[in-house]
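Everything below concerns the one structure shown next.
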Amino acid sequence: QVQLVESGGGLVQAGGSLRLSCAASGRTFSDYFMGWSRQAPGKKREFVGSVRWSDGSTDYAGSVKGRFTVSRDNAKNTVYLQMNDLKPEDTAVYYCSARSVAGLYVYWGQGTQVTVSS
34 QVQLVESGGG LVQAGGSLRL SCAASGRTFS DYFMGWSRQA PGKKREFVGS VRWSDGSTDY
94 AGSVKGRFTV SRDNAKNTVY LQMNDLKPED TAVYYCSARS VAGLYVYWGQ GTQVTVSS
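For the sequence shown, our numbering assigns the number 34 to the initial residue and increments by one for each residue that follows.
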């Protein structure tokens, strides 16, 4: 059974930093994209960034490029989202996901709240 467990959310002032973690278990993820998405109140869930487990290549939404970094630790089976220079508009529930490269399987975590005060 695949499990993705996020942690690290919280309240931070604008300009501050947070690091989210996503502990992945239940299968090997070598052929998966590990991603982060977020959903603010009243808005649709949106892509934030992802890392391909096999080679570490990354992709980011334009709104976070240069501020957020996605990385993975193979030994710990954990994916991270380092968020710097946070803005109030970054406030949302952040979700970890695992999507197979072939697109056949998608798994989601339960989400963690990030609140950025102005």
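Even glycine gets a Cβ: it sits at the ideal position worked out from N, Cα and C.
Helix, strand or coil for D64? Go by DSSP, reduced to three states. Residue 64 sits at position 31 when you count from the first residue of the sequence shown. D64: coil per DSSP, three-state reduction.
contact_flag[the segment 34-41, the segment 81-91] where n(CB pairs < 8 angstroms) is 3 or more: Contact between the segment 34-41 and the segment 81-91 is absent: fewer than 3 CB-CB pairs across the two stretches fall below 8 angstroms.
Check the C-beta distance from Y128 over to R71 and give it rounded, since I have them as a contact under 8 angstroms. Locating residue 128 in the sequence shown gives position 95, where the first residue counts as 1. Locating residue 71 in the sequence shown gives position 38, where the first residue counts as 1. Y128 to R71, Cβ: 7 angstroms. Contact.
Can you name the start and end residues of the beta strand (DSSP E) that Y140 belongs to? For the purposes of this step, residue 140 is taken as the residue at position 107 of the sequence shown. Unbroken beta strand (DSSP E) run through Y140: V139 to W141.
Classify D106 as helix, strand or coil using the three-state DSSP reduction. Residue 106 sits at position 73 when you count from the first residue of the sequence shown. D106 carries a strand assignment under DSSP once its states are collapsed to helix, strand and coil.
Tell me, please, which residues DSSP counts as bridged to W69. Residue 69 sits at position 36 when you count from the first residue of the sequence shown. Looking at the DSSP output, W69 shares a beta bridge with G82 and C129.
Local Cβ density within 10 Å of E122, reported as buried at 16 or more and exposed below that: As a position in the sequence shown, residue 122 is number 89, starting the count at 1. With fewer than 16 other Cβ atoms within 10 Å, it is exposed.
Decide if L44 is buried, meaning its Cβ has at least 16 other Cβ atoms within 10 Å, or exposed. Here residue 44 corresponds to residue number 11 of the sequence shown, with the count starting at 1. Burial state of L44 is exposed, judged by a 10 Å Cβ sphere holding fewer than 16 other Cβ atoms.
Of the choices S40, T102 and N110, whose alpha-carbon is the least far from that of S90? Position 57 of the sequence shown, counted from the start, is the residue given in the question as residue 90. Of S40, T102 and N110, the residue nearest in Cα terms is T102.
Would G41 and T145 be called neighbours here (beta carbons separated by less than 9 angstroms)? Translated into the one-based positions of the sequence shown, residue 41 becomes position 8. Translated into the one-based positions of the sequence shown, residue 145 becomes position 112. Contact: yes.
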